[in-house]
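Protein sequences appear in the order of chains S and L. Residue numbers 1 to 77, in my numbering, belong to the letters of the first sequence in order. Residue numbers 78 to 154, in my numbering, belong to the letters of the second sequence in order. The beta-carbon is built from N, C-alpha and C at its ideal position, and this holds for glycine as well. Written below as structure tokens is the structure these notes are about.
Number of protein chains: 2
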Amino acid sequence: MARVVVDVMLKPEILDPQGQAIAQALPRLGFGGVADVRAGKHFVLDVDDDVSEQAVREIADTLLANPVIEDFEVRAE
Amino acid sequence: MARVVVDVMLKPEILDPQGQAIAQALPRLGFGGVADVRAGKHFVLDVDDDVSEQAVREIADTLLANPVIEDFEVRAE
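Listed below in structure tokens is the structure:
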């Protein structure tokens, strides 16, 4: 059994209101020095050892991310 | 300017309906071999170089995660 992580983020050209809201709230709450925040999704998959990275990429592309507006990264952990 | 990543996940003992829904959908969609899926949040912060990891941990604990039901991990990228 292997653990694979998929991180899904909005493409850089897509506006991220959640990240912007956090970035704007930080100075009001006393946290300075944060220039930008982007918010995305983090998935942890427990997969059988015979599941290839290619299969996980297909899962990410089909189910976990919307490839029109999101990019994803796959990595073993 | 440094890039810091904060991953927020439900604590292991907290039920994760989103992850369960994905795990149950996968076999129906022809993807076998995935035993478990957990879903969480992924934040990418661009911070000034003088912002300590401790400060980012405080931001994560205050704003990005709900420490009652969620754990978080901070790492530089």
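Classification of residue i by the beta-carbon crowding that lies within 10 angstroms, buried from 16 upward
i, result
"leucine 64(S)", "buried"
"alanine 116(L)", "buried"
"glycine 110(L)", "buried"
"aspartate 84(L)", "buried"
Sheet register partners of residue i (DSSP bridge)
i, result
"leucine 15(S)", "For leucine 15(S), which the question treats as bridged, DSSP gives no partner whatsoever."
"glycine 40(S)", "Met9(S), His119(L)"
"glutamate 73(S)", "Asp7(S)"
"valine 34(S)", "Val124(L)"
Residue i versus residue j - alpha carbon distance
i, j, result
"lysine 11(S)", "glutamate 73(S)", "12 Å"
"proline 27(S)", "methionine 1(S)", "43 Å"
"valine 44(S)", "phenylalanine 31(S)", "29 Å"
"valine 113(S)", "valine 114(L)", "Summary: the structure shown does not reach residue 113(S), with chain S confined to residues 1 through 77, and so no result is reported for it."
"valine 5(S)", "glutamine 24(S)", "29 Å"
"methionine 81(S)", "histidine 119(L)", "One cannot answer for residue 81(S) here, as it falls past the ends of chain S, which runs 1 to 77."
*Taking 8 Å as the threshold, find out whether the region 123 to 142 of chain L comes into contact with the region 63 to 77 of chain S through three or more Cβ pairs.*
In this structure the region 123 to 142 of chain L does not touch the region 63 to 77 of chain S; the number of beta carbon pairs closer than 8 Å is below three.
*asked:* Measuring CB atoms only, is the region 5 to 22 of chain S touching the region 92 to 103 of chain L, in the sense that at least three cross pairs come out at less than 8 Å?
replied: No, the region 5 to 22 of chain S is not in contact with the region 92 to 103 of chain L.
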